[in-house]
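In what follows, a structure is listed as structure tokens, so that the remarks can point back to it.
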Amino acid sequence: MAPRLKKLLITAGPTREALDPVRFLSNLSTGEMGYALARRAVSQGYQVSLVSGSTALKPPQGVRFYPVVSASEMQKTCSKLFPKHDGLIMTAAVCDFMPAKNERHKIPSRNGLTLKLRRTPDILAQLAKKKGCRTVIGFCLETKDLIRRAKAKLVEKELDGIVANFYNPQRHHPFGKRSVSVCLIGAGGHILRLAKQPKERLAKTLLSWMECLHEDRARVV
Ligand code: C5P
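Heads up, the sequence shown is in numbering that gives the first Met the number 0, so the first residue is 0 and it goes up one at a time.
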């Protein structure tokens, strides 16, 4: 049997990509999932480092807390921390795009504005490529073709598992304190559809699933 995971790196919340000193691009993430996971992991005896984008939440007691703002700050912090951990769960809603230019002064609002955007670094893909014996789980939220796209990301980013998060404005709105509907998809091909449940309950399930994925890898690696 593989040794249990001990040290977990968890990311949470949105990133903010600055356009000028007072404006940014971001998304609806509140950090609730990552914080619930960090809280649960601490209560189960894991050592937890929580790298978090800007949220209104209090860091859970017992975590090592690393606040960041942008995707590139999250990347720097995670790259430093990752080698010291044996598992990564990337719940953070990293902005996929950032303004090509961060203006030093506030952009005047007189005229219209066309923004040029570029991709942010793919933190998860970069870390997963160097994972060695670590176990790495990502999250995926799509407004269509969720399972197909989540499976593609699992392969492209070389993950051990991915949590596909259903989004539908009427029935499945996963932001904030709401319950979530997810599928767990493992690199071995298994797909587990879970009943809609509070994030606290999902956190417990995810930690058990991660231990299973870790054990599966230990048999292969
Ligand atoms: O945005 P996307 O659907 O590709 O996100 C899938 C996973 O990749 C998430 O776990 C997210 O935290 C991670 N990600 C990342 N860096 C990015 C974009 C996404 O680590 N620039």
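For glycine and all other residues, C-beta sits at the position ideal for the given N, C-alpha and C.
Only a predicted model underlies this, so the values are computations on that prediction, with no experimental measurement involved.
Check your understanding: In three-state terms, what does DSSP make of residue 10?
Key -> strand
Review point. Got a sec, what are the start and stop residues for the beta strand (DSSP E) residue 46 sits in?
Key: 46-51
Check your understanding: Near residue 25, which residues of its chain fall below 6 Å by C-beta distance, leaving aside the five closest residues on each side in sequence?
Key -> 13, 15
Exercise for review: Identify every run of the beta strand (DSSP E) within the segment 88-176, keeping only runs that are complete inside it and at least 3 residues long; order them along the chain.
Suggested key: 96-98, 116-118, 134-141, 160-165
Point to revise | Where the beta strand (DSSP E) through residue 181 begins and ends | key: 181-185
Exercise for review: Could you please give the first and the last residue of the uninterrupted beta strand (DSSP E) stretch that includes residue 19?
Suggested key: 16-19
Review point. With C-beta atoms as the reference, is residue 56 less than 9 Å away from residue 136?
Key: no
Review point. Roughly how many angstroms separate the alpha carbons of residue 86 and residue 189, rounded to a whole number?
Key: 20 Å
Review point. Given 8 Å as the limit, is there contact between the segment 90-99 and the segment 32-43, that is, 3 or more CB pairs closer than that?
Key: yes
Review point. So, helix, strand or coil for residue 86, using DSSP?
Key: strand
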